[in-house]
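Comments concern the structure below.
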Amino acid sequence: MITEPYSIISKYYQDHAAARKILIEHSESVAAKAFRIAEKLNLPHVECDFIREAALLHDIGIFLTHAPSIGCSGAFPYISHGYLGHDLLIKEGWPKHALVCERHTGAGLTIEDIQRQNLPLPHRSMMPVSMAEQIITYADKFFSKDPGQLGVEQDVDIVREKLQKYGADKLRTFNEWHERFGE
13 MITEPYSIIS
23 KYYQDHAAAR
33 KILIEHSESV
43 AAKAFRIAEK
53 LNLPHVECDF
63 IREAALLHDI
73 GIFLTHAPSI
83 GCSGAFPYIS
93 HGYLGHDLLI
103 KEGWPKHALV
113 CERHTGAGLT
123 IEDIQRQNLP
133 LPHRSMMPVS
143 MAEQIITYAD
153 KFFSKDPGQL
163 GVEQDVDIVR
173 EKLQKYGADK
183 LRTFNEWHER
193 FGE
């Protein structure tokens, strides 16, 4: 049920009004794009609904991170928001949605990425596996959480430019998704 993600957000963001506003605006943009892609691919209604719910919750962990520009004053580095959101949703009983949280960063993170870059993350694969995880990760790349850019869909070339900084493999993954999911 689509109202449930908002209940979970409200539960964790009751003391984080600025972050809540940014989270919801960003996540609604991602959810709308991801849902359009799912419909275009003629995915079953139950999968389309899951994609919309999971997209609304994919960044639930941001309030636990230190990102003052988006109203977050937590103790963890921003890159941790995926696995932190995963842990919250596991606790809430939403394990499939939790995987989306953990696996949506960049174009996904391998154990090798985490170790090579010495990232403050658990040493496990955080690569999007399911079609839903890939669609949401892809859609997320088009929307910033910058308060001045909320709801503005970035051009695919800008997305590619940003991803290129993280390696040719990340750009290749994004380009494969763009071939399959591009609108």
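Going by this note's numbering, the sequence shown opens with residue 13, and the numbers climb by one from there.
Where is the CB? At the ideal position from N, CA and C, for every residue including glycine.
Owing to the predicted nature of the structure, the values given are computational and were not obtained by experimental measurement.
- Look at the stretch 137-165 and you find these whole runs of alpha helix (DSSP H), each 4 residues long or longer: 143-152.
- For the pair residue 176 and residue 85, the Cα-to-Cα distance works out to about 29 angstroms.
- Annotation: the continuous alpha helix (DSSP H) that includes residue 169 extends over 168-176.
- Within the model, the alpha-carbon separation for residue 140 versus residue 114 is close to 9 angstroms.
- Counting along the chain, residue 186 sits inside the alpha helix (DSSP H) bounded by residues 180-193.
- A straight line joining the alpha-carbon of residue 47 with that of residue 90 spans about 26 angstroms.
- Classified as exposed, residue 173 has fewer than 16 neighbouring CB atoms from the shown chains inside 10 Å of its CB.
- Distance between residue 170 and residue 161, taken at the CA atoms: about 14 angstroms.
- Judged by DSSP in its simplified three-state form, residue 38 adopts helix.
- Under DSSP, no beta-bridge partner is assigned to residue 86.
- Partner residues in a beta bridge of residue 122, as assigned by DSSP, do not exist.
- Straight through space, the alpha carbons of residue 190 and residue 87 are spaced by roughly 35 angstroms.
- Taking C-alpha positions only, residue 128 is separated from residue 122 by approximately 10 angstroms.
- Between the alpha carbons of residue 60 and residue 97 lies a distance of about 21 angstroms.
- For the pair residue 116 and residue 70, the CB atoms are nearer than the 8 angstroms cut-off.
- Taking C-beta atoms as the reference points, residue 93 and residue 73 count as a pair closer than 8 angstroms.
- Excluding five sequence positions before and after residue 25, the CB atoms of its chain that fall closer than 8 angstroms to its own CB belong to 31, 32, 35 and 75, given in chain order.
- In the DSSP assignment, residue 78 forms a beta bridge with 85.
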